[in-house]
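What the sequence shown shows, in this note's numbering, is residues 2 to 304, in sequence order.
Glycine included, C-beta positions come from ideal geometry on N, C-alpha and C.
The structure displayed is predicted, hence computed values, not measured ones.
First the structure, in the form of structure tokens, and then the observations on it.
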Amino acid sequence: MSSHTDEIVTLDADGFDEACRQTHPLWHQGLDLAAYKRRLEEAFRRMPGEMRYAGIRSDDGALAASARLLDADLRVGSASVPTCGIAAVFVAKERRGQAWGARLIRSILADAAGRGRRLALLFSDIGIGYYERLGFRPLHAQDWTASTDALPDSGALVTREAAPDDDSLRKLYNDYADRQGLCPHRTAAWWSYFRWWRAARPDLILVDGDREVGYATVRTDEDHLHVFEWVAPTTEPGRVWATLRNEALQKGKRALSGWLQPGRMEKWMDAADRSGAIPMLASTGGPTDELPEPAVFEELDHF
Ligand SMILES: CC(C)(COP(=O)(O)OP(=O)(O)OC[C@H]1O[C@@H](n2cnc3c(N)ncnc32)[C@H](O)[C@@H]1OP(=O)(O)O)[C@@H](O)C(=O)NCCC(=O)NCCS
2 MSSHTDEIVT LDADGFDEAC RQTHPLWHQG LDLAAYKRRL EEAFRRMPGE
52 MRYAGIRSDD GALAASARLL DADLRVGSAS VPTCGIAAVF VAKERRGQAW
102 GARLIRSILA DAAGRGRRLA LLFSDIGIGY YERLGFRPLH AQDWTASTDA
152 LPDSGALVTR EAAPDDDSLR KLYNDYADRQ GLCPHRTAAW WSYFRWWRAA
202 RPDLILVDGD REVGYATVRT DEDHLHVFEW VAPTTEPGRV WATLRNEALQ
252 KGKRALSGWL QPGRMEKWMD AADRSGAIPM LASTGGPTDE LPEPAVFEEL
302 DHF
């Protein structure tokens, strides 16, 4: 294995095309190549300056390995820590098993450290072993499902759709999240980007009498209501769940699902370890053992 650290390059238009052609067969999600490229172009347009496609090339000039990088700040206790997000790690098929993946990750960590980014965050779809060997450690990753029959049914709140430019919800989230151990700090661009990227419906404002007490973000899937997240700091959680139960039933769905946050487990939930999208964190310069728990990554943080 090479001990030398490669220099990652930001892909130009040709490199972007090459990366799209390589990754499309795996990550197309039903889109043809042109539509897949347009979706990624739109993603970069929505996150100018913060997101870029980077890679390393082999001696013959071909793109050997690539990843999408997204700079973000993590809140660690009360401190803001500049972090490099890493997504879509990909090694060209014919070059797998020759350490290109490891070289790419090491180069990204070195590049991030050089830019003052102290942590690196990714969501692994290939278990934890591969990235553990490269210095990452896994964070809490569980899903929950429940039937509407099992959810609380009393004390439901009223909901109404939030305006897309309502910045008070983002502030509510950041206040809530800042009281957790470790979580991303969401900028306005981040807030709107992820709602678009994950096809969430407009946020639902939760209303208790004449008071707005929080919000919930959901998506209606084929057979269930998917709950991305909710924040309602002064409301008893059972009342929020009763509200989400009503939302599901109004949409004709008899089941709900979501990512399970530490501290949000309820006896009526079926919880299971998640096999994909496992958040993993590394220091770009040393061990990460000192990071506080719990780590709270909502599904809308998954890039
Ligand atoms: C995962 C991937 C990036 C690894 O790149 P690579 O250059 O082939 O890997 P390396 O040569 O650095 O490392 C090889 C080691 O990783 C292991 N490995 C490779 N793919 C793996 C996977 N999907 N899951 C777990 N381990 C894997 C190999 O078993 C090998 O282990 P060994 O050293 O004990 O023999 C590459 O297989 C790939 O592009 N896969 C498709 C895209 C993908 O799934 N990306 C990850 C998204 S989170």
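Check	Outcome
CA-CA distance, Y37 and R22?	10 Å
Do you know offhand how far A73's Cα is from A113's?	11 Å
Cβ of S305 versus every heavy atom of ligand 1: is any distance shorter than 8 Å?	Residue numbering for the chain in the displayed model covers 2 to 304; residue 305 lies beyond these limits and cannot be assessed.
Would you say the beta carbon of S59 comes nearer than 8 Å to a heavy atom of ligand 1?	no
Do the segment 245 to 259 and the segment 118 to 138 make contact, defined as three or more Cβ pairs closer than 8 Å?	no
Could you give the distance in angstroms between the alpha-carbon of L1 and the alpha-carbon of W191?	The chain is shown only over 2 to 304; residue 1 falls outside these bounds and no answer can be derived.
Quick check: is any heavy atom of ligand 1 less than 8 Å from the C-beta of R255?	no
Leaving out the 5 sequence neighbours to the left and right, which residues in its chain are closer than 6 Å to G86 when beta-carbon positions are compared?	L71, A73, L122 and F304
If contacts are defined as beta-carbon pairs under 8 Å, then E294 and W260 qualify, I think. What distance do you get, rounded to the angstrom?	16 Å between Cβ atoms; not a contact.
Any chance the CB of V228 is under 8 Å from a heavy atom of ligand 1?	no
In terms of residues, what are the limits of the beta strand (DSSP E) holding W260?	A256 to L261
By the three-class DSSP mapping on this structure, what secondary structure does D126 have?	coil
Would you say I127 touches ligand 1, meaning its beta carbon is less than 8 Å from a heavy atom?	yes
Which runs of the alpha helix (DSSP H), 4 residues or longer, sit entirely within the segment 141 to 202?	169 to 179 and 189 to 198
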